[in-house]
Structure formats: structure tokens, C-alpha cells
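Undergrad: Protein chains in written order, with the UniProt record's numbering: chain D, 1 to 285; chain V, 1 to 245; chain F, 1 to 335.
Here a beta-carbon is modelled for each residue, glycine too, at the ideal position from N, C-alpha and C.
(1) Does the separation of the CB atoms of residue 118 of chain V and residue 128 of chain V fall below 8 Å?
(2) Less than 8 Å between C-beta atoms, sequence neighbours within five positions excluded: which residues of the same chain meet that for residue 192 of chain D?
(3) Check whether chain F comes within 8 Å of residue 64 of chain V, counting only Cβ atoms and requiring the distance to be less than that.
(4) Does residue 260 of chain F get closer than 8 Å to chain V when you measure Cβ to Cβ?
(5) Write down the C-beta distance between residue 200 of chain F and residue 105 of chain V rounded to the nearest angstrom, noting that I regard them as a contact closer than 8 Å.
(6) Helix, strand or coil, according to DSSP, for residue 278 of chain D in the structure here?
(7) Could you check the C-alpha separation between residue 331 of chain F and residue 194 of chain F for me, to the nearest Å?
(8) Under 8 Å between C-beta atoms, does residue 105 of chain V make it to chain F?
(9) By DSSP, does residue 5 of chain D sit in helix, in strand, or in coil?
(10) Residue range of the alpha helix (DSSP H) that residue 94 of chain F falls in?
(11) From residue 68 of chain D to residue 296 of chain F, what distance separates their C-alpha atoms?
(12) Which first and last residues belong to the alpha helix (DSSP H) in which residue 219 of chain V is found?
(13) Quick check on residue 121 of chain F - is its C-beta less than 8 Å from some C-beta in chain V?
(14) In three-state terms, what does DSSP make of residue 62 of chain V?
(15) So does the region 242-261 of chain F actually touch the region 76-93 of chain F, counting three or more Cβ pairs closer than 8 Å?
(16) Taking any Cβ of chain D, which residues in the region 121-139 of chain F have a Cβ under 7 Å from it, in chain order?
(17) What residue range is occupied by the uninterrupted alpha helix (DSSP H) comprising residue 102 of chain D?
(18) In this structure, does DSSP put residue 266 of chain D in helix, strand or coil?
(19) Using a 10 Å radius around the Cβ and a threshold of 16 neighbouring Cβ atoms, would you call residue 3 of chain D buried or exposed?
(20) Under 8 Å by Cβ, that's how I've got residue 137 of chain D and residue 128 of chain D pegged, so tell me the actual separation to the nearest angstrom.
(21) Check whether the Cβ atoms of residue 142 of chain V and residue 83 of chain V sit closer than 8 Å, and answer yes or no.
(22) In this structure, does DSSP put residue 59 of chain F in helix, strand or coil?
(23) Which full runs of the beta strand (DSSP E) of 3+ residues lie inside the region 147-180 of chain V, going along the chain?
(24) For residue 228 of chain V, list the residues DSSP reports as bridge partners.
(25) Compare the C-beta of residue 266 of chain D against all C-beta atoms of chain F and say whether one is closer than 8 Å.
(26) Using DSSP with H/G/I as helix, E/B as strand and the rest coil, what is residue 196 of chain F?
(27) What is the rounded straight-line gap between the Cα of residue 21 of chain F and the Cα of residue 109 of chain F?
(28) Taking all protein chains shown into account, decide if residue 3 of chain F is buried (16 or more other Cβ within 10 angstroms of its Cβ) or exposed.
(29) Answer yes or no: does any C-beta atom of chain V fall closer than 8 Å to that of residue 321 of chain F?
(30) Rounded to the nearest angstrom, what separates residue 204 of chain F and residue 62 of chain D at their Cα positions?
(31) What residues are listed by DSSP as bridge partners for residue 12 of chain V?
(32) Nearest-angstrom Cα distance between residue 68 of chain F and residue 222 of chain F?
(33) May I ask you to report which of helix, strand or coil DSSP gives residue 233 of chain F?
(34) Using the three-state DSSP reduction, which class does residue 322 of chain F fall into: helix, strand or coil?
(35) Taking only beta-carbon positions, decide if residue 113 of chain V is within less than 8 Å of chain F.
(36) Go through its chain and collect everything with a Cβ distance to residue 254 of chain D's Cβ below 7 Å, but skip five positions before and after it.
Right, dumping it as C-alpha cells:
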């Protein structure tokens, strides 16, 4: 019983982290129509930066925010100076993010070496509290709480603000948004920065739980990809649902079928592809 | 038996009903003109007839055979060919290659990975003949990207003719052509053999009216007038929606 | 002499020089590099069928490549003979390709790319995590290379000659494909799928068959790879490999017969040179990728030709025509 409950707590934690990762991925995909293959890199680079700040004695949350801010800047530079040059050529843009992901992976290997880093849990949140005769790790619950706060904040932004209205219009139809006088290109930069920052933030707060190692980027990217295929491009609710589905599959798969845990993650995606011929990509070939 | 019959054909996009209960009967060998203001649903109707988009309801018959649920590619094999309002050709290939692709579409040869396409004499000659019918045989080896807009319109027709269709659908074949090109095109259209049934959407009334046996006026997705040239031109509703602008 | 004959003569001479390579190249290290170039070229040619001719960019081909290598390796480890292992590997690769195609052809463009990426990751996951089957991170070792027609392929020279023969077969089949009616059908579905449908083509089936053709040669390349290294590990199945072979196709020039071969040569040589001096092959790979996509989307070979032409015209006539030239040359990576 305890085992299952712990597994469920871990699943929810993972779901929260995945939401922070995939919300930005989904918005970028919905708006710019490209899967950002650097998204795992943002997560990993953010985590490494955060770990470095922590090692310098910085407060955990300050490190997470600073790392996110750094990634916002880096994301903005990439969008403005590289992706922008290839506007309208979606395939070239995707391949560009793929190439950059290799550069980032190698840079990280160069700077932080191949040894895994596991930053300590922030002091105030270490340990567990007792309830219903069981122990719950506080930090993991904190991750979930943060994910919920971010989800609500993003939802309010999308649904209640002028900026959100523009994003929604852009996701529905970029051409129409342009006609309506929305500066779609500035919106792209904004969303790309936001996605990069969120991914980095997730990387830092996930680090004590997942640890940081070479290949973390390649582990996270496919998860974001699956979640968006499941949840639909540009849909926050879809990203949330997809994140928790994958969070549960990840942990329960790991526990029950360790050999096939990774493959199981892809099953919902395959089902969607088989059962919904039009897929979530719109038209059939 | 009629060449083409549409019964209560409907198509909506979202809540927008683009074609509404369209009924149309085209006799073999007939030249039918479909006119109507912009947004009347003419091109959508064409796409429904060729199977490019699925109809929501209604029936399409080609020489008596119900083809409503048959995919676009099989309609081509049943003798239906079309041209596109927006030119849809293969820009990297030569003119003759474009026409050869049209010929291949109906030939089992298209699956052959071993033959050398350039050495298929039979195919080349038939493609050349189709180009000759639109007066482009001299430019057969020219790359499509190096031809004029008017020439491309004629390549569209050559590709359709090469398939020796029983029913030919022409979507604004005169669009964007110069005065002289229009004259050439109308001569070309007039010379089409009578065993081909032609349905044409066109805005150029001078050429189109002369060409047509019967005319259908489409307005907001509905057929509002149908008849001979004289009848349609004389009809008050036609004037109202189209001519009397 | 007509230009066609000159080309044929040059090509024949080049192939003769390549065929004789073991006799004029004394250093086995270079012979081995030549073998690598050739089997990577087979892989790149295979991917080019999809990327170049069908206009479908796959990021999952490493999975198919690895499927062939792993099947052969595991069959041999289980005691099967080389012939059985090779046949089984090709059949398994074809079957996997068919499944890939069924799923990925639900979409085109970016959707196709995402689905193939995910499918490739599934195979990577199997190779890496299903340790009881694949030996996980430790990979699979092959004890021996085969000896077709009594010629044992253990020496670099013998292996090179066998690889060269397979490469020639592949090149010939590609040439046949490109010039065939079926090849024309595939290119047609790339340029105007909707028009192809109204012309009577089954666009889906054309793409499916092109995918199978691509998968077959990917399997052959995977077999050459695994026999060359006598070892295969999950790294081979990773996204990196898919990206690397895509770089070969793009750098050489998509949709051309010799582009992928040139691309394979460039990437393999760079990889060997880079790894001799720096450890940073992935960084080099990424940077080249970015540079090519941003500055030479049509590929190194056509791109370099364009830059030279532009420079030449720029010298003669100022900058005006150069801009027109740049605008007129179609960017192919965006397709």
C-alpha cells in the first residue's frame, strides 16, 4: 500500500515537472508551428546553471529564478538571431534547433564533465511530514504546488489578458492574427523566451529529484514531444493532462516493467496515431 | 444516360454552408458553364465533384455510377480530369515531363521502378501529342519554371487532355491571361472534341457564354438559375446577383 | 565528345579508382575510412529517397539502421549462420519500416518528422533499457565477419571490396529508381500531392513504397556497419545517428544522386579528423548543421557552386544580379 502511494506521489511530482517542461514546448509548437528540439537542452542547461549557482552558496529559489532568467535571455537570442532568419521555413527551423541541441549537449559535457550532479534538496523542504500514518517527502509536494501555481498563472495569462488573447489568436490562425494587427514576430520571441525560462526553472527544481547528467536533455525532449502529441499543440489543459499521464506511466512503468518502462511511455502516442487517423497534426498526407 | 449528375450535394466548413443542395445534370458532350459571384461555392463544388473534398450529403454520379464515396484518384481512372484555378504543376520538370506524369497516373507503369522513363517512346509521343493540341510541342523540353503564365495554363489543359477524360472540369482556364492569350485559349477550348463533356467555371463572360451550351448560376452555394445562354442572360435573378452588379 | 559521354567517362574512371583503392592505398587505416564512407553513403542514399525525393524528413532512421545491426548481432550470438542472420536482419528491418511508415504517414512535414523521431526513440529505448534482450549499454559483439564466395572479409581490404560492391549495387538501384516511372511518381507526390491525387495516383501508397525502399537500403547499411565494427550499442540507435545521416543528405544536396555520397564523405572525414584533434565531435556536428541550414540550405555541393557563381558574377557586374541569382535558386531544405 505504502509502495503504491509513494509511487503515486512520485508520479504526481513527475507530472508537475513535465508540465513545467511541456507547457512552453506546447505553446511554442502551437504558435510557431515547430517542435523546439532544444527544449530538453534548455531543461538540462538550466539545471546545470542552477547547480552551479547553488554550489556558490546561492539560495535554491534564487538559483532557480536566475537560471530561468539566463535561459530567457539565451532563448531570446536564439529566436531573434537564428530562428528569425528562417521565418516561414519550418523544417529548417526544426533542424536548426536540433543542431543547437547538440552544441548545448557538448558544451555542458565540456563545462560540467560527464559525472552526474545531484544538488541537495533545499534545507527548508528536506525531510518528510507525517500524515495518515505515512511519510510524505515535502520537497516533491512543493514541486507539485509550484506546477499548480504556474499552471494557474499561465491559464490566467492566456485566458484573461490581452497578451493571452493574442496568443490564442496566433495559435488558432497566424494569418488571421497578422491581419488583426498583432505583431506575431514579437509574440514568437516572447513565447520562445517564456518556454525556455520555464524549462530551465523546471530543470533546477527537478535536479534534486532527477539529478543532472549528460543525456538528460535527450531523456526529457521525447517526453515533451509525447505530451504535446497527446494533449494537442498550444493547449495548456492538454499539456497538463498529458504531463500527468506520462508522469504516472513513467513511474509505474519503471516499477512494474523496468525493461520496457521507456517504451510504455510511447504507447498512448501510438494509440492516438492509430485511432485518430487525422492525428493531432490536422490533415492526412 | 447523363455524363454527370449531382443530387442534393452539400458541403459545410464549420457552420458555414458553402454548397447547398446543388442539383446538376450534364448530358454527354455538353459544354456547361458555372458562373456566380466570388464566394458562390464554385470551386468547392468542383472539389466535391473530383473528390478533393468529401461531401457532407448528396450523390455524385458519373455516367450512372455512384462515385460519391470513391476517392479522387479513382475518379481519375473513371474518366474525370480537372484543371486548377491556381496553377498546380511540377515546377522542376520540363513541360513534357509534366504531361508524362499525367499519362503515368492512369498507367500501371507508374509503379515500375525498373523502366527508364525517358526511353518510353510511346509515352513521350503521347505527351508530345497532348502538348501539340495546346500548341506547346515546340517547348516540350523547356523547364516549366521558364515558361510564361499563359503557357502554364495551357500545360494544365494538356495534362487534363492527355488523360483522355470523358468529363473535363476546367476551373477558370482564362484567369490571368492577356487578351491575346484568351483568344488562343478560347480557340483551343472550342476545338475540344465533342465526345468530351466539359464543365467550366469562368468569369470571362464573352468567351464563356459563347462556349457554353447551358449555364448554371450559383449564388451562396445554391443553384438559382439554369438554362440556355439566352434564358440565363434574360433571367432577372441572374442580373440581380451577377450581371447587374 | 558529347557531354554525356564525358560524364560517363569521368564517373567510370572515378569508380575504377575507388575499386582499385586497396592496391594503391597501403595504409589500412585509410582503407577502413573508405569503407566507413561507403556504408554511410549507402545509409545516406537510403535516407535521401525519403528526404530528397519524397519530401519526407525522417528523424527515426537510426532506429531502422540499428534494427538491422541488432537483429544480425543477436542472431549470430544465438548461434545462427551469417546467411540466416543477414536475411533475418533485412526482413526485420523491412517489417519495422512498414510499421514506421504506417504510423508516420498519418502526417507529412513536421508531423512526419515528430512521429519518426518518437518511433526512433522507442527503438532506442528497447536497445538501451531492454537489457535482457539487447544486453543494454554493453551492446552486442560479433565474433566474426562472413566469408561470401570463400573470400573472408576479416582484412580491411577484403571488407572494403565487399562494401564497395554493395555500394555500387545501391548506387545502381538509386539511379534506376530516379529515372524510373516510380521515381517520377515519388517526386510528384513531393511537389504536388493534391495534383497527383487528381491525376490518379495513390499518394499514400507511393510514399509507403518509397519508405520501404528507403528502409531496405538502411537495413543493408546497418548490416555493413555492424559487420565493420563487429559491435553495436544503443548509441548507434540514438537521435544523434539520425541527425548525422540527415546532415550527410542535406550537406551533400538533397534529391541528387551523388549529393548524399559527397555528404557521407565530408561528414566521415570530418568526424575522423575532428576526433583526432578534439573530443568535441558533437559540437562540430551541431555547428555544421546550423551553418549549413542558415547559409547553404540547398547543400554544400550546390551551395558552394552558387557562392562561386555569385562571386564571379559579382566581380563582373556588381551586386545586382547576385541578389537575383540568390532569389532564383530554390532553397530545398525548407521543403
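TA: For this structure:
(1) What you label residue 118 of chain V is simply residue 118 of the second chain in a count that begins at 1. What you label residue 128 of chain V is simply residue 128 of the second chain in a count that begins at 1. Not in contact: residue 118 of chain V and residue 128 of chain V (Cβ atoms no closer than 8 Å).
(2) Position 192 of the first chain, counted from the start, is the residue given in the question as residue 192 of chain D. Closer than 8 Å at the Cβ level, and outside the excluded window around residue 192 of chain D, lie 28, 32, 36, 75, 76, 78, 79 and 83.
(3) For the purposes of this step, residue 64 of chain V is taken as the residue at position 64 of the second chain. Chain F contact via Cβ: absent.
(4) Taking the first residue of the third chain as position 1, residue 260 of chain F is located at position 260. With 8 Å as the cut-off, residue 260 of chain F does not count as an interface residue toward chain V.
(5) If you number the third chain from 1, residue 200 of chain F lands on position 200. If you number the second chain from 1, residue 105 of chain V lands on position 105. Confirmed, about 4 Å.
(6) Counting from one through the first chain, the residue named residue 278 of chain D turns up at place 278. At residue 278 of chain D, the pLDDT of 47 sits below 50, so the modelled position is not reliable; the number obtained from the coordinates is stated separately. Residue 278 of chain D falls in the coil class under three-state DSSP.
(7) The residue you call residue 331 of chain F lines up with position 331 of the third chain. The residue you call residue 194 of chain F lines up with position 194 of the third chain. For residue 331 of chain F, the pLDDT reaches just 37, beneath the cut-off of 50, and the residue's location in the model is therefore unreliable, although a value from the coordinates is still provided. Answer to the nearest angstrom: the Cα atoms are 22 Å apart.
(8) Mapped onto the second chain, residue 105 of chain V falls at position 105. It does: the Cβ of residue 105 of chain V has a partner Cβ on chain F nearer than 8 Å.
(9) Mapped onto the first chain, residue 5 of chain D falls at position 5. If DSSP states are grouped into helix, strand and coil, residue 5 of chain D belongs with the helices.
(10) On the third chain, residue 94 of chain F is found 94 positions in, with the first residue counted as 1. Start and end: 82-104.
(11) As a working note, residue 68 of chain D is residue 68 in the first chain. As a working note, residue 296 of chain F is residue 296 in the third chain. Looking at the two C-alpha atoms, the distance is approximately 33 Å.
(12) In the second chain, residue 219 of chain V corresponds to position 219, counting from 1. Segment 214-219 is the beta strand (DSSP E) holding residue 219 of chain V; no alpha helix (DSSP H) there.
(13) Start at 1 with the first residue of the third chain, and residue 121 of chain F comes out as number 121. Not one chain V Cβ lies under 8 Å of residue 121 of chain F.
(14) Residue mapping note: residue 62 of chain V aligns to position 62 of the second chain, counting from 1. Residue 62 of chain V falls in the strand class under three-state DSSP.
(15) no
(16) 121, 122, 125, 126, 129, 130, 131 and 132
(17) As a first step, residue 102 of chain D is located in the first chain; it is residue number 102 there, counting from the start. Residues 90-112.
(18) Along the first chain, read from residue 1 onward, the residue named residue 266 of chain D stands at position 266. In the structure shown, residue 266 of chain D sits in coil (DSSP, three-state: anything other than H, G, I, E or B).
(19) Locating residue 3 of chain D in the first chain gives position 3, where the first residue counts as 1. Flag for residue 3 of chain D reads exposed.
(20) Position 137 of the first chain, counted from the start, is the residue given in the question as residue 137 of chain D. Position 128 of the first chain, counted from the start, is the residue given in the question as residue 128 of chain D. Their Cβ separation, rounded to whole angstroms, is 5 Å, which keeps residue 137 of chain D and residue 128 of chain D in contact under 8 Å.
(21) Start at 1 with the first residue of the second chain, and residue 142 of chain V comes out as number 142. Start at 1 with the first residue of the second chain, and residue 83 of chain V comes out as number 83. No, Cβ-Cβ distance for residue 142 of chain V and residue 83 of chain V is not below 8 Å.
(22) Reading the third chain from its first residue, position 59 is the one you call residue 59 of chain F. Three-state DSSP puts residue 59 of chain F in coil, outside helix and strand.
(23) 167-171
(24) For the purposes of this step, residue 228 of chain V is taken as the residue at position 228 of the second chain. For residue 228 of chain V, which the question treats as bridged, DSSP gives the partners V/214.
(25) Here residue 266 of chain D corresponds to residue number 266 of the first chain, with the count starting at 1. Answer yes: the Cβ-Cβ gap between residue 266 of chain D and chain F drops below 8 Å somewhere.
(26) Locating residue 196 of chain F in the third chain gives position 196, counting from the first residue. In the structure shown, residue 196 of chain F sits in a helix (DSSP, three-state: H, G or I).
(27) Translated into positions along the third chain, residue 21 of chain F becomes position 21. Translated into positions along the third chain, residue 109 of chain F becomes position 109. Near 41 Å, if we compare the C-alpha coordinates of residue 109 of chain F and residue 21 of chain F.
(28) Taking the third chain and counting its residues from 1, the one referred to as residue 3 of chain F is at position 3. Residue 3 of chain F is exposed by the Cβ-count criterion.
(29) Indexing the third chain from 1 puts residue 321 of chain F at position 321. Because residue 321 of chain F sits at a pLDDT of 38, beneath the cut-off of 50, its placement in the model cannot be relied upon, and the point is left open.
(30) Along the third chain, one-based indexing puts residue 204 of chain F at 204. Along the first chain, one-based indexing puts residue 62 of chain D at 62. The straight-line gap from Cα to Cα measures roughly 53 Å.
(31) Working through the second chain from its first residue, we reach residue 12 of chain V at position 12. Per DSSP, V/17.
(32) As a working mapping, residue 68 of chain F is identified with position 68 in the third chain. As a working mapping, residue 222 of chain F is identified with position 222 in the third chain. For residue 68 of chain F and residue 222 of chain F, the distance between alpha carbons rounds to 5 Å.
(33) Along the third chain, one-based indexing puts residue 233 of chain F at 233. If DSSP states are grouped into helix, strand and coil, residue 233 of chain F belongs with coil.
(34) The sequence position of residue 322 of chain F within the third chain is 322, counting from 1. Unreliable placement is indicated for residue 322 of chain F, whose pLDDT of 37 sits below 50; no coordinate value is reported for it.
(35) Along the second chain, one-based indexing puts residue 113 of chain V at 113. Yes, its Cβ sits closer than 8 Å to a Cβ of chain F.
(36) Along the first chain, one-based indexing puts residue 254 of chain D at 254. Result list for residue 254 of chain D: 261, in chain order.
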